[in-house]
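Right, one structure below, let's go through it.
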Amino acid sequence: MAWQPTPYTAPLLVAAVASFAFAAYAVINRSRGGHALLWSFVGVAGTAGVWSLAYAAQLSATSLSATLFYNRFVWLGSAGLAVAWPVFVLSYVDRGPWLRRRRLALFCLVPVVVTVAVWAAGVDPLFYVDPALVDAGGFRVLDYAPTPALLGFVGYTYAVNLFTFVVLGYAAATRDGVFRRQAALLFVAGVAPLALGTAGIAGVVGPENGLVDFTPIAFSGTSALLAWVVFRYRLLDVSPIARDAVFANLSDAVVVCDADGRLVDRNDPACSLFPDAELGARAEEAFDDLPAVADAAADGPADDELRVTIDDEAAPRFLTVDVHGITGPGTARGGTVLLFRDVTEQETLQRRYRALIEKSPNVIAVCGDDGLLRYVSPSIERLLGHETNEVEGRPVIDLVHPEDRRDAQQAFERAFEDGEAQSITHRIARADGSWRRFETVIERLFEDTNEVVITATDVTEARRYEQRLQVLNRVLRHDLKNDTNVIGGYADLLRGHVDEEGGSYLDIIDRKVRTLTHLSDQAREIDVALHSDAGRAEIDLARLVDRLCESLESSFPRATVTASVPESAVVSADELLESAIRNVLENAVVHNDGDDPHVDASVVADGDWFRVEVADDGPGIPPVERTVFSEARETALEHASGLGLWLVHWIVTESGGDIEIETREPTGTVVRMWLPRATADAD
1 MAWQPTPYTA PLLVAAVASF AFAAYAVINR SRGGHALLWS FVGVAGTAGV
51 WSLAYAAQLS ATSLSATLFY NRFVWLGSAG LAVAWPVFVL SYVDRGPWLR
101 RRRLALFCLV PVVVTVAVWA AGVDPLFYVD PALVDAGGFR VLDYAPTPAL
151 LGFVGYTYAV NLFTFVVLGY AAATRDGVFR RQAALLFVAG VAPLALGTAG
201 IAGVVGPENG LVDFTPIAFS GTSALLAWVV FRYRLLDVSP IARDAVFANL
251 SDAVVVCDAD GRLVDRNDPA CSLFPDAELG ARAEEAFDDL PAVADAAADG
301 PADDELRVTI DDEAAPRFLT VDVHGITGPG TARGGTVLLF RDVTEQETLQ
351 RRYRALIEKS PNVIAVCGDD GLLRYVSPSI ERLLGHETNE VEGRPVIDLV
401 HPEDRRDAQQ AFERAFEDGE AQSITHRIAR ADGSWRRFET VIERLFEDTN
451 EVVITATDVT EARRYEQRLQ VLNRVLRHDL KNDTNVIGGY ADLLRGHVDE
501 EGGSYLDIID RKVRTLTHLS DQAREIDVAL HSDAGRAEID LARLVDRLCE
551 SLESSFPRAT VTASVPESAV VSADELLESA IRNVLENAVV HNDGDDPHVD
601 ASVVADGDWF RVEVADDGPG IPPVERTVFS EARETALEHA SGLGLWLVHW
651 IVTESGGDIE IETREPTGTV VRMWLPRATA DAD
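As structure tokens, then:
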């Protein structure tokens, strides 16, 4: 069969070879890119290659029958491209709903019908009327009159192409960086063949009769554009689907660098974080204050996570940087993705905790199940004189006094076995060889680790102070009371040997003896209150107050004591409540200098409470002694007489109640105590 040379055969063959090469490249690298994007790209390249090659054969044929034969393949390529191109564009911009079967079938309907009709019935007379070969300036081309079916199909392809141009144009206008350039080049690659084909039909380019279709000829130029998009902007490596899904919705800053270390894309948080980092800039320029980040962008992922600090105007910001490589063709590195995560809040919190641990008055340590110290807080140097690096790695038991090691070892083992906090008191060696006493808590805070946290509090001085208090308390409770009993006994013996004036002196001695004896009893009750394990109980206030008033009147015959109580008044209070009420009643008599003290006690209901009132006609309680309620400690003045008030206040508040003291007119004091009703009584 004879062939005719044409000026368009070579460009068409170049376009065909390039298109088939792109299709083969995509198939070979089909593990990269999205499934729909890759195969639609193969479809675009393959159908463009078929169209170009078939049109080259059609133009080169010298007979009408051969021309019409090759023209069938031209229809196959153009109809296939009318399906593959819109599918590729929609896949590129991630318009998933348009790629569902029903809508995809709509894209295929017209091209499939046309292709079947061409191959089943031929183009004459379905699309061409009176086809013939005519001269076009040195070579012969196909001339025909278009049918309505042909015009309809051309109109359909124009509409589909315009739709894809709008989609690509919008993507180019709204995206940034590499994806904007991708979309812009794809827009040009789609518009150029359509524009050149329209210009050829209008006779603006090529033969004036417009019989040469420049659409497939333009594929030779657009092949270069596709090569630029595929290889320079990694069309099949990074698609805008990933960018839209990740970049737009990711709160962390993301920067993408190409293989040359230039910034090709970034999201909005990255723009805020690095406002001076322009797209296209080299990494060392964009991150001139962060050389480690610039090196990572140029060299690729490192083994360790980067931690960097940015000096903000308000306060420094702490970031972690994850570096991920992008694989290029073969095993070559195609670029780097930098993920910046703001950990300022966590870092600030960790630094605050670290400062608290370092300044803590306690020794805080971490010990493994092997018994070796893995961490010791710097406070050990201040408290025990040890350097942290001297004790870390040593067995913790080596620091414990030999006599305390057995208990410490058992507590250590129980903390691992039971998972419960263990408390022990033991001695720990100082660097100078002396010993300090510590109260230590051993706790396994995290079940998934083989470590315990040890918190040791120095109680050496507190223990010494407590020992001194015990000695003083013993003297106050025993020696003082014994001596006052002796004094009282001898004073009674003197009454028969002194005159009336001396008797008054003996009365003063007798009152002071009773006061000191009462003070000793109060010290004993306070000691019991502080060291007892008494709990709460239901107590009938009515019976308790009535019994204590009878006992008071029996112990102090000169006093007049009255009690006004209901039949029952059950409260929920500390089991030591009797000591508190007895102290209030006895104070009303002991500190009354009158010859006939009067004490009135009552119990009345007051909502969910019962109120106990004790009124006397004594000299009153000095204001300085009432500070025990606000300061919760003994004042330096008149502290002995204030012990009873402290005891009363402590027991009443431990019972969930309240206490109030008022001065009576013209003289005396009223003490009011509120105590909560027992639940059953309240009901």
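Residue 497 in UniProt numbering sits at position 497 of the sequence shown; the count goes up by one each step and never skips. All residues carry an ideal CB built from backbone N, CA and C; glycine is no exception. Owing to the predicted nature of the structure, the values given are computational and were not obtained by experimental measurement.
- Gly618 sits close to Gly594, with the two beta carbons spaced by under 8 Å.
- Taking 8 Å as the cut-off, the Cβ atoms of Val110 and Phe153 count as close.
- Contact fails between the segment 259–270 and the segment 54–66, because fewer than three Cβ pairs, one in each stretch, are under 8 Å apart.
- Asp312 sits in coil when the DSSP states are folded into three classes, being neither helix nor strand.
- Contact between Ala218 and Pro193 holds, since their C-beta atoms are separated by about 4 Å, short of 8 Å.
- The beta carbon of Pro676 sits closer than 7 Å to the beta carbons of Val571, Ser572, Asp608, Trp609, Gly656, Gly657 from its chain, once the five residues preceding and following it are set aside; these are given in chain order.
- Counted as a single uninterrupted DSSP element, the beta strand (DSSP E) harbouring Tyr144 occupies residues 140–146.
- With respect to Ala281, Leu263 sits close: the two C-beta atoms are nearer than 8 Å.
- Asp398 sits exposed, since fewer than 16 C-beta atoms from the chains shown fall within 10 Å of its C-beta.
- By the Cβ rule, the segment 42–52 counts as touching the segment 17–24, because three or more pairs are nearer than 8 Å.
- Around the beta carbon of Pro11, 16 or more other beta carbons sit within 10 angstroms, so the residue counts as buried.
- From the listed residues Val599, Glu660, Trp650, the smallest Cα separation to Gly668 is found for Val599.
- For the options Arg72, Gly77, Arg103, Ala292, the alpha carbon positioned closest to that of Ala117 is the one of Arg72.
- Annotation: the segment 371–458 contains the following complete segments of the beta strand (DSSP E) (minimum length 3 residues), in chain order: 373–376, 422–429, 435–443, 451–458.
- By the Cβ rule, the segment 353–372 does not count as touching the segment 271–278, because fewer than three pairs are nearer than 8 Å.
- Note that the C-beta distance between Ala588 and Asp616 is below 8 Å.
- Rounded to whole angstroms, the gap between the alpha carbons of Ser555 and Arg406 is 54 Å.
- For the 8 Å CB-CB criterion, Leu226 and Ala172 do not form a contact.
- Between Ala270 and Phe340, the beta carbon gap of about 7 Å places them in contact (Cβ cut-off 8 Å).
- Annotation for Trp609: no alpha helix (DSSP H) segment contains it, though the beta strand (DSSP E) segment containing it runs 609–616.
- When DSSP reads this structure, Thr320 sits in a beta bridge with Arg307, Arg341.
- Only exposed fits Ser504, as fewer than 16 other CB atoms lie within 10 angstroms of its CB.
- In the three-state reduction of the DSSP assignment, Gly169 falls in the helix class, which pools H, G and I.
- When the five nearest sequence neighbours on each side are left out, the beta carbons in the same chain lying within less than 6 Å of the beta carbon of Val671 are those of Val584, Val614, Ile661, in order along the chain.
- Boundaries cannot be given for Ser63, as no alpha helix (DSSP H) includes it and DSSP labels it neither H nor E.
- In the three-state scheme derived from DSSP, where H, G and I count as helix and E and B as strand, Leu151 is classed as helix.
- Here the C-alpha atom of Ala491 lies approximately 12 Å from the C-alpha atom of Asp483.
- Residue pairing by DSSP places Val671 opposite Val614, Ile661 in a beta bridge.
- Phe446 counts as exposed, since fewer than 16 other beta carbons sit within 10 angstroms of its beta carbon.
- With the rule of 3 Cβ pairs closer than 8 Å, the segment 448–468 counts as touching the segment 410–427.
- Taking the C-beta atoms as reference points, Gly393 is found no nearer than 8 Å to Thr336.
- Per DSSP, Asp276 has no beta bridge partner at all.
- Per the DSSP secondary-structure output, Thr562 pairs in a beta bridge with Asp600.
- In the same chain as Ala45, and ignoring 5 residues on each side of it, the C-beta atoms closer than 6 Å to its own belong to Ser19, Phe22, Ala23, in chain order.
- In this structure Val513 is not in contact with Ala601, their Cβ atoms being roughly 26 Å apart against a cut-off of 8 Å.
- Annotation: the continuous alpha helix (DSSP H) that includes Glu550 extends over 541–555.
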